[in-house]
C-alpha cells in the first residue's frame, strides 16, 4: 500500500486551477520526485500534502491518515521543508530545533540536532539569528528541521534551490537515511539532474497536471534530457 496516496487532486485559487487532477502514489523506503517548470503545480501539491493548503477536490491519504478528516495525525507523521519561508528571522538555528522538538514532544534529540547542523555546515552558525542567513543557509536549515524527528513521510519542496554542492550532498544523505529506515520521501524540484540523483521515480508535471511517471534511469543523460523537454512542450 502506498504511504502517500493522492487521487484526483484539484486545487483552485479563485479562477486559477493550480492543480488539475493529479494522481500520485509513493511508497515506504522510496524517494519520488515531482519535476517540472515553475508553475507546474509542484509546490501546491506539496503544500497540500503538508496540510498547509486544503484540496479543492480529490482524496489525499498520508501514512494511513485522511488529510481532510485527520489533518493533525497526518501532519504528525510528516516532516516538511517549504519552498519559501518557514523560519523566524529573530530566532537562532538552535532555537528553531528546540521549538520543533518541544512541539513534537521529542526527547534526546540534541545529539541528532547537532549532527544534522554539522552535516549541513551550520554548526558554527547554530547560535546566529536566521535573519542574517544567506538563502542557501536558510534552505539547509529547513531540511534539517524537516528531518529532525525522523518522520514517516519526508516532504522536501525545492530543497536544492540556491544550495551549494556541500548542501546538496548533505540533502542526498538525509534522503538516503530516510529511505534506509523505511520512510517515504517526496522531493519537488525543477532541476532534472538532481531529481534523478535523489529519487528512483519521477513524476513530470506540466500546467498543474501529471504528464508522465518515469523511472529515473529513463531521464539520464542527453537522451533523458530530450525526453524530458518533449514532455514539457
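Residue numbers (the UniProt record's numbering): 1 to 233.
Cβ atoms here follow ideal geometry from the backbone N, Cα and C, with glycine treated the same way.
All values reported here derive from a predicted model rather than from experimental measurement.
Item                                                                                                                                                                                        : Value
Between residue 73 and residue 65, what straight-line distance do the alpha-carbon atoms span, to the nearest angstrom?                                                                     : 7 Å
Provide the residue span of the beta strand (DSSP E) that contains residue 128, from first to last.                                                                                         : Segment: none, residue 128 is in no beta strand (DSSP E) and carries neither H nor E.
For residue 93, does the count of other Cβ atoms within 10 angstroms reach 16, so buried, or fall short, so exposed?                                                                        : buried
Considering Cα atoms alone, identify which of 84, 224 and 129 is closest to residue 160.                                                                                                    : 84
Taking the continuous alpha helix (DSSP H) assigned at residue 193, which residues delimit it?                                                                                              : 192-198
With residue 3 and residue 49 assumed to form a contact (beta carbons below 8 Å), what rounded beta-carbon distance in angstroms separates them?                                            : 11 Å between Cβ atoms; not a contact.
Give every residue of the same chain whose Cβ lies closer than 6 Å to the Cβ of residue 86, excluding the five residues on either side of it in the sequence, and list them in chain order. : 142
Taking the alpha carbon of residue 25 as the reference point, which residue from 45, 151 and 82 has its own alpha carbon closest?                                                           : 45
Please determine, among 147, 152, 220 and 136, the residue with the shortest C-alpha to C-alpha distance to residue 109.                                                                    : 147
Relative to the alpha-carbon of residue 241, which residue among 135, 128 and 187 has its alpha-carbon at the smallest distance?                                                            : Not covered by the structure: residue 241. The range shown for the chain is 1 to 233.
Suppose contacts are defined by Cβ-Cβ distances below 7 Å. Is residue 202 in contact with residue 194 by that definition?                                                                   : no
Would you report the Cα separation of residue 13 and residue 98, rounded to the nearest angstrom?                                                                                           : 35 Å
Determine the contact status of residue 58 and residue 8, defining contact as a CB-CB distance below 7 Å.                                                                                   : yes
Going along the chain, which unbroken runs of the beta strand (DSSP E) with 3 or more residues stay wholly within the segment 55-140?                                                       : 57-62 and 78-81
Roughly how many angstroms separate the alpha carbons of residue 209 and residue 43, rounded to a whole number?                                                                             : 13 Å
Would you mind reading off the limits of the beta strand (DSSP E) that contains residue 14?                                                                                                 : Note, residue 14: premise wrong, no beta strand (DSSP E); not H, not E.
Cutting at 6 Å between CB atoms, please list the residues of its own chain near residue 101, excluding the five before and the five after it.                                               : 109
Give a yes or no on whether the C-beta atoms belonging to residue 175 and residue 31 are separated by under 7 Å.                                                                            : yes
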